[in-house]
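>
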Amino acid sequence: MGRARMTWIGTSWKMNKTLAEARAFADGLVAARGAFDGVRAFVIPAHTAIAAVRERLPSHVPVEIGAQNAHWAPAGAYTGEVSMGMVADAGATLVEIGHSERREHFGETDETVALKVEAAVAAGLTPLLCVGEPAGVRAAGGEIDWVAGQVSRGLSRLAGHDVGRVVIAYEPVWAIGEGGREPLPDEIAPVMGMLPARFAAAAVLYGGSVNRRNAAALLGVPGTDGLFVGRAAWDVAEFLALVRIAARARHAGRPDAR
Ligand code: PGA
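Residues 520 to 777 (the numbering used here) are what the sequence shown spells out, left to right.
Below is the structure:
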């Protein structure tokens, strides 16, 4: 509705941070509240810290809070799980779904991802649908089909008009985490171009070995609305450095005309 397009910068803390560490990060965001102009920032703590971060962030600090996962059922006998409604109640407005670590270690499949995307939308949360090909698929040149297939199956339970509520994060498995390899912009460009052309999502983010050295170049890849960052953003000063890079990239007027 005429709203200028924002550049997204978000981080998931994965299985890290005590409550004290989470609150200290939130305090760093509050101190930098002027830095977020034109940037749609989000932070995804572990479930234990969602409410603490929410309570620490006054509403005028424009940083959204997410959850790293939630179950698709609204309630019930699912020991160890939390529902979409519960993470929303704790203060999350966004929920990460289908991260490669969950697909690899916790049996997440395209089917459970689709159930969770549907449940997130029903709960009023923004699903952050994570997709990406493993190294072997990339080596065989199959990444476009792989990623398009994961997204189609992940969105398969949504009514067409609800696709616009989903944020897609393209995170090639070979680029994520300690053993990950930083991508060249040219390596991700075909997938980043395909996603907005094929799917009418709210935004398309890139994630996997993003850091303050490569962030501007990755943001410049056409089709890219923002970055989803792990290790390089777990220190609040580093997170804010990425926010400032995104704000500058935006002011410089990226060629991306989406
Ligand atoms: P990384 O993680 O930035 O530490 O590679 C990215 C992710 O898992 O989303």
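Glycine is no exception: its CB is placed at the ideal position from the N, C-alpha and C atoms. Keep in mind it's a predicted model, so treat the numbers as computed, not measured.
#1: When the Cα atoms are used, what is the spatial distance from K635 to L724?
#2: Can you tell me which of the three DSSP states R732 falls into?
#3: CA-CA distance, E623 and G696?
#4: Could you say which of E540, E757, V692 and N588 lies nearest to V572 if we only look at CA atoms?
#5: Using only the alpha-carbon positions, how far apart do V686 and A560 sit?
#6: Using alpha carbons as the reference points, say which of A694, T537, A554 and E574 lies closest to I764.
#7: Does the region 562 to 579 touch the region 521 to 536, meaning 3 or more C-beta pairs lie closer than 8 angstroms?
#8: Quick check: the Cα distance between P646 and E637, rounded to an integer number of angstroms?
#9: Give every residue whose Cβ lies closer than 6 angstroms to any heavy atom of the ligand PGA, listed in chain order.
#10: So who's on the other strand from E526, going by DSSP bridges?
#11: When you compare only the Cα positions, how much space is there between T612 and G742?
#12: G547 to P581, Cα distance in whole Å?
#13: For A735, I'd like the list of residues in its chain whose CB is within less than 8 angstroms of its CB, leaving aside the five on either flank, ordered along the chain.
#14: Starting from A768, follow the beta strand (DSSP E) in both directions and report where the run begins and ends.
#15: Thinking C-beta only, is P691 closer than 8 angstroms to N668?
#16: Can you find the residues in the same chain that come closer than 6 angstroms, C-beta to C-beta, to T526, ignoring five residues on each side of it along the sequence?
#17: If you count every other CB in all the chains shown that lies within 10 Å of the CB of F625, and 16 or more means buried, which is it?
#18: Identify the continuous beta strand (DSSP E) that holds I779 and give its terminal residues.
#19: Does the separation of the CB atoms of V601 and H590 fall below 8 angstroms?
#20: Give the secondary structure of G749 by DSSP, where H, G and I count as helix, E and B as strand, and everything else as coil.
#21: Between which residues of its own chain and W665 is the CB-CB distance below 6 angstroms, once the five residues before and five after are set aside?
#22: How far does the alpha helix (DSSP H) with P577 in it reach, from first residue to last?
#23: With a Cβ-Cβ cutoff of 8 angstroms, do R731 and L761 count as a contact?
#24: Taking Cβ positions, are V682 and A722 nearer each other than 8 angstroms?
#25: Under DSSP, the alpha helix (DSSP H) around E690 begins and ends at which residues?
#26: Span of the beta strand (DSSP E) holding G740?
#27: Whole-angstrom Cβ separation of P704 and L737, contact assumed at under 8 angstroms?
On the basis of the data shown:
#1: The alpha-carbon atoms of K635 and L724 are separated by roughly 19 angstroms.
#2: coil
#3: 13 angstroms
#4: E540
#5: 13 angstroms
#6: That would be A554, whose Cα lies nearest to the Cα of I764.
#7: As far as the Cβ criterion goes, the region 521 to 536 touches the region 562 to 579, which means the pair count is three or higher.
#8: 9 angstroms
#9: S531, E690, I695, G696, G699, G726, G727, S728, V729, F747, V748, G749, R750 and A751
#10: Note that residue 526 is Thr in the sequence shown, not Glu. DSSP lists V558 as partners of T526.
#11: Here the alpha carbons of G742 and T612 stand approximately 24 angstroms from one another.
#12: The straight-line gap from Cα to Cα measures roughly 13 angstroms.
#13: I764, R767 and A768
#14: For A768, there is no enclosing beta strand (DSSP E); the enclosing alpha helix (DSSP H) covers residues V755 to H770.
#15: Before going further, note that residue 668 is Gly rather than Asn in the sequence given. The answer is no: Cβ separation not under 8 angstroms.
#16: V558, G745, A765 and R769
#17: exposed
#18: Residue 779 is absent from the structure shown; the chain starts at 520 and stops at 777.
#19: yes
#20: coil
#21: E652 and V656
#22: Neither: P577 is in no alpha helix (DSSP H) and is coded neither H nor E.
#23: yes
#24: no
#25: E690 -> no alpha helix (DSSP H), and no H or E assigned at all.
#26: Note on identity: in this sequence residue 740 is Val, with Gly being the wrong assignment. Careful: V740 lies outside any beta strand (DSSP E) and carries neither H nor E.
#27: 6 angstroms
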